[in-house]
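For reference, the structure discussed in these notes is given below.
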Amino acid sequence: MALMRLEDIVMEVLNFPADNDGIRELQRQLFRLSLSSRTFSPAVQMTNHLASVGHLTVPPEVDTNSVTNAINVSSTYLPSPCPDSSSWAQVGSSFVCNLNDLETFLILESAKCSPECSLSHMDTILLSDCVYPSTNNVAKQNSLPRIILNGDIRTKEFYRWHAEAKSFATAGRCVYIFRHYIKESSASNTALNGYGVELALKSTEYKAIDDSTTKAQPASHNHQAASIFKASEAKDSTSDNAKGADLLNASNSVVEGFNSIQPHPDLSSTTEIRPLKAGQMRDLGLQAAQSIADAVAQSHGSTAARSGLLALRDISRNFPSRAFGLSQLPLTPELLSEVKYNQAILAERYEVTPGSSLFLLNGLALSPSIDIFALLDILRSESYLLSHLRGLDLPTHEATHLLHSTARADSPSLGVFGESFKHSLTGQYLLNLASAPITYLNDLETNVGYNRWPRTLRALFMPSYMGAIRQVGKNVLNLVLVLDPAEPRCIEMLKLTESFILQGVAIRIGILWAVDPRVDSVGLDLARAFTYLEKMVEEYPRNRRSSSQMGYPGAMTGLNFLTDVYAKVKNLESTSALTQKLVRQEFEHSFPDFYSEDVFGSSDAPTPNDEIIKTHRLFVESSGILSSIGVPPALLMNGMLLDAEGFAKLGGFEDAVVTTAMEQTVYFQHAMLGGRFGDPDSSVDLFTKDGLLITRCNRRLLTAVPPSVNKFSVGDSTLDTDVPTFLPFGSMRDKFKNDSLDSLSSGQITNLLADQMRYLQKGDLENNIRPTTIWVVLGDVEPNEDVPATASLDMLESAARFMRKQASANTRLGFIFNPTVRVKSGGSHRAVEWGDPHWLTRALLLTGQPSEQLLTAKDDSPPPKYMNMMAAKNFAIKLAGEMRSVFNERRKVSTFSKLSVGGLEDSKFLDAFSKLDFERIMDLHATFSRKVLHLNPGRRAVIINGRVYGPLEENEIFVEEDFWLAEHLSKSAGTEGLAGALQKILPPATSTSRISELVWRVSSVLESTNWRLSAFAKSVRFFFFSCTRLYLWFSISLSYE
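According to the UniProt record's numbering, the sequence shown is numbered sequentially starting from 1.
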């Protein structure tokens, strides 16, 4: 009874309600399996070990603390810091044994953590640690002391410590971590059930040994047992021959009766091990499969799957004693034909050869030798998936079809041909540089120095040295450097760049200057000098190092000048070594025919070349390169963006260039063999065909590595303190209309907010299915003297303009408000009028098309619409512009009649505007931002199909191109295919708006297990006679001739 009660408590904590679909029972079985297999015992044992030795590694500050009773390290070994207590705490580098002293020592430790805790005061948080939820963000947690409570949850003492530490964590005074500690563990060993098999190689006979009952016996007894086995087997053989002779002379009825019982012998009736001949062992695998299939066929209803599983388990555990019975089992033609089919299809899709095994779990191909603990982790992940799909009122038996619909297709991808994309800020996409004002140093198609190279792409297949870039006279590989010429790391890159060109490396190289033209600096002077020389020099000077004519004369002369200046400086790492005076003197000395005033200008008279530098800087900013890399340098290989950290991971600048060039060469070769790339095409044409080009780089959206999901998290993950990667969802069957928001789980709050959202949409029809749903979390959209920031207002306007111009008909966008100050009505009963405080937020809450309410009863009336789809977008843009003018000009809001647009029902909208339950709705938005997203008030974020990107920095921009990129990434995730799959499995009468509500939630659940989706692209979708549908589906490819 106690164990059953414990299971019920665990199910309630994990938010698995009682249902008739088996989800709660599945979780209960997984919990039992976890306990019986002692899955978490290593974690408990590890924390016990840390408790016994961890205090020996902490450097002592003082021997004892009389105020706090905190014990530091001493030379005397103790089994734990507090041997007389079953619960104790570690705060910083000291250990507290008395609960009454915990707060005092926390105050002392807090002083040491101001402004930030040192590493010696921050113990590492382990994966198995239980961290109490906190409203503090990660940045603030680094300035808080950590209380690590070690205790035995079976004792009352622990709960007193827990209550105290919990109160401190709730107040935001510490980070509370719990670790299991068992003061006195049991000394008894764990008994494991099983059997042992010994293979005697000389006599080739099996011997069964039951180590649970057999005691130690002398060696002579073993020889005696072996002789008994041999005598018995010989006798059985003789007897079988005699019986066979008698049966040949028997009547036909006896023969028929014998044949009727032969196909299904009772394999478990004997434990005797009998020898087999070589011919009898040939088809044992097929006969074992026949036995399992027969067991399923003889059972009925829900017991069929269990019968097959029991038969499989019996054969696996007792194969030596079952082998002879299996060898007598005849094979049916149905099984033989299907095994042939299995061999063909598994060889084609999984490359499984006959005789090998394949283990599929919901279509996920696993190693047949996987251990039980890894399998249990995957089962927990699968249960998470099934429980969430069932919470969305979707049939769990259709999960495979949903997973298959969202699997990535075998479309061209850079990730197939190399690993450098993992370190790229653009992921598996490439930045489109067609409109970039790049200053190219060379051109492989026009420069004289490359005339001897072949002009055909077939040269990519010509033999070459290992690791060498093939010399092709076409601009296939294009390298662009983003530089500040005064930055030390950029200096080394420019030196290597000159070496690349002079040595004839087959890469076209260009430069984008990232210097700020508004700030007079050394980097600006160097960029000015290079730009002037690149524009004015038309022939190679005799005294410059460009005799090979590989490169443009002006650009190479400018590059030579930069490297000459660097050569004059002894210590390039020093910021004071490279000065503007040195640059100008070197220029006057090297080019006496040019006027330095025309090159460098003056503070009040900028040079014409400054405009070129401005265009470079403008592109670097508008394309998102500068915001993604932070500070120069960076490189773009055909649009693949690598910052300094990225190419450092590839071995440095030189190795990064060669590695990315070689990997993309393989990509071009593959495209040529596939007929997608030829001599008339450029690399940009190929990337456009393959859909790899993007117009703006956004580091948040283009993460190459899929987000990690805690494999131990089951149900609503409410213990995370950071911004979640994916939104949690509660069950659609929950009824909580009258419950307070603080009592709801994170998933329930998400569902409640989704029911009340309004969306900006695009398209001719309102009833289109829209697979992409974007939520924009805004801070203060109504700036004032106290909150002058306009980032949220800018983001609002960009989102509305994106929906009007660039969005597709498959996208909808809604707003969530997270203001700095919580909205309160103030107790006023005056009717709300247009232009009152929070007028913009009120109006936006009523703008757009209402969502399908999944939590309400079918007979409830849907929320009203106040405008058509086009009017909603125009109205939102007009309201944002009005708010900006009101703030900048310090004037009153214009009348509603001036701001109204066509398609808006004025009187109906104004009536709803005055009667809106504004405080309740804003309380829901604030609770969602705080409890679900863990955002501080005023912070912004973007949520795309349940995937959370944020929090955005104060000065971080999110423009129209970023929203387009978000929509593009959503399409590549297979949401359109998912929408089609949902249409097939849902009842025909399901509305398109309901499908739109379900598709983004299902996509979020599936994307949270992104690491496993690719397996479903090739999953076998056929179930035949030999494929027994068990809880785990085994598909066995058997050797058959």
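All residues carry an ideal CB built from backbone N, CA and C; glycine is no exception.
#1: Looking at the secondary structure, which residues open and close the beta strand (DSSP E) in which M637 lies?
#2: Residues in its own chain within less than 8 Å of S307 by CB, not counting five upstream and five downstream?
#3: Give the single residue among S798, F875, V893 whose Cα lies nearest to the Cα of P837.
#4: Tell me the DSSP secondary structure of L366 in three-state form.
#5: Going by DSSP, which residues form a beta bridge with M11?
#6: Can you tell me whether P951 is helix, strand or coil according to DSSP?
#7: Which residue's Cα is closest to the Cα of A809: W834, E419, M870?
#8: Quick check: what's the CA-CA separation for L402 versus A171?
#9: On the three-pair Cβ rule with 8 Å, is the segment 844-856 touching the segment 870-886?
#10: Going by C-alpha distance, which of E498, H616, K614 is nearest D564?
#11: Does the Cβ of S970 have 16 or more other Cβ atoms within 10 Å, making it buried, or fewer, making it exposed?
#12: Contact between the segment 919-931 and the segment 759-772 is defined here as three or more beta-carbon pairs at a separation below 8 Å; is this criterion met?
#13: Relative to the alpha-carbon of L924, which residue among V823, V948, G977, L952 has its alpha-carbon at the smallest distance?
#14: Apply the 10 Å Cβ neighbour rule to I153 and answer buried if 16 or more other Cβ atoms are within range, or exposed otherwise.
#15: Are the beta-carbon atoms belonging to F178 and Y132 less than 9 Å from one another?
#16: Can you tell which of A634, L276, I345, G747 has the C-alpha that lies nearest to the C-alpha of H388?
#17: Spatial neighbours of L916 within its chain, please: C-beta separation below 8 Å, excluding the five flanking residues on both sides.
#18: Does the segment 489-509 come close enough to the segment 651-658 that 3 or more CB-CB pairs lie under 8 Å?
#19: In its own chain, which residues sit with a C-beta less than 6 Å from the C-beta of I23, not counting the 5 before and 5 after it?
#20: Do you know how far the Cα of L796 is from the Cα of A605?
#21: Which of helix, strand or coil does DSSP assign to L765?
#22: Where does S333 fall in DSSP's three states?
#23: When you compare each of P680, M556, L965, T579 to residue 1059 by their alpha carbons, which one comes out closest?
#24: Determine the closest residue to A973 out of Y949, N945, E157, with distance taken between C-alpha atoms.
#25: If you draw a straight line from the C-alpha of R5 to the C-alpha of Y176, how long is it?
#26: Would you kindly work out how many angstroms separate the C-alpha atoms of G449 and D443, rounded to a whole number?
#27: Buried or exposed: where does T426 fall if 16 or more other Cβ atoms within 10 Å of its Cβ makes it buried?
#28: Are the beta-carbon atoms belonging to G950 and L935 less than 9 Å from one another?
#29: Just to confirm my understanding: we take I985, look at its own chain, exclude 5 residues before and 5 after, and list those with CB closer than 8 Å. What are they?
#30: Tell me which residue opens and which closes the beta strand (DSSP E) that N478 is part of.
#31: Could you name the residues of the same chain whose beta carbon sits closer than 8 Å to that of residue 1042, not counting the 5 residues immediately before and after it, in chain order?
#32: On the DSSP bridge assignment, give the partners of D643 in chain order.
#33: Give the straight-line distance between the Cα atoms of T695 and L433, rounded to the nearest whole angstrom.
#34: Quick one, are the C-beta atoms of F600 and S435 less than 9 Å apart?
#35: Ignore the nearest five residues each way along the sequence and tell me which others in V44's own chain have a CB closer than 6 Å to its CB.
#36: Using the beta-carbon count (16 or more within 10 Å), is M466 buried or exposed?
Here's the rundown:
#1: Where M637 is concerned, the enclosing beta strand (DSSP E) starts and stops at 634-637.
#2: Hits under 8 Å: A295, V296, Q298, S299.
#3: Ranked by how close their Cα comes to the Cα of P837, the residues S798, F875, V893 have V893 in first place.
#4: In the three-state reduction of the DSSP assignment, L366 falls in the strand class.
#5: DSSP output for M11 lists no bridge partner at all.
#6: Three-state result, P951: strand.
#7: Of the candidates W834, E419, M870, the one whose C-alpha sits nearest the C-alpha of A809 is M870.
#8: Per the coordinates, the alpha-carbon of L402 lies some 43 Å from the alpha-carbon of A171.
#9: The count of Cβ pairs closer than 8 Å, one atom from the segment 844-856 and one from the segment 870-886, reaches three, so the stretches are in contact.
#10: Minimum Cα-Cα distance from D564 among the listed residues E498, H616, K614 corresponds to E498.
#11: Label assigned to S970: buried.
#12: Taking 8 Å as the limit for Cβ pairs, the verdict is that the segment 759-772 does not touch the segment 919-931.
#13: Of the candidates V823, V948, G977, L952, the one whose C-alpha sits nearest the C-alpha of L924 is V823.
#14: Within 10 angstroms of the beta-carbon of I153 lie fewer than 16 other beta-carbons, which makes it exposed.
#15: A contact, by the Cβ cut-off of 9 Å.
#16: Cα-wise, what sits closest to H388 is G747.
#17: Residues of the same chain with a CB within less than 8 Å of the CB of L916, apart from the 5 flanking positions on each side, are V832, R842, L845, L846 in chain order.
#18: Under the three-pair Cβ rule at 8 Å, the segment 651-658 counts as touching the segment 489-509.
#19: Same-chain partners within the cutoff: S387, R390.
#20: When rounded, the distance between both Cα atoms is 39 Å.
#21: L765 sits in coil when the DSSP states are folded into three classes, being neither helix nor strand.
#22: For the sequence presented, residue 333 should be read as Pro rather than Ser. Helix, per DSSP.
#23: Absent from the model: residue 1059. The displayed extent of the chain is 1 to 1041, so no value can be given.
#24: Between A973 and the set Y949, N945, E157, the nearest pair of CA atoms involves N945.
#25: Their Cα atoms are separated by approximately 27 Å.
#26: Going by the C-alpha atoms only, they are around 10 Å apart.
#27: Burial call: buried.
#28: Contact: yes.
#29: In the same chain as I985, and ignoring 5 residues on each side of it, the C-beta atoms closer than 8 Å to its own belong to L394, P395, E398, H401, L402, in chain order.
#30: Where N478 is concerned, the enclosing beta strand (DSSP E) stretches over 478-483.
#31: The question about residue 1042 has no answer here: the residues shown for the chain are numbered 1 through 1041.
#32: By DSSP's assignment, D643 forms a beta bridge with A634.
#33: Looking at the two C-alpha atoms, the distance is approximately 8 Å.
#34: Cβ distance not < 9 Å, so F600 and S435 don't count as in contact.
#35: So the list reads H180, once near-sequence residues are dropped.
#36: With fewer than 16 Cβ atoms within 10 Å of its Cβ, M466 is classed as exposed.
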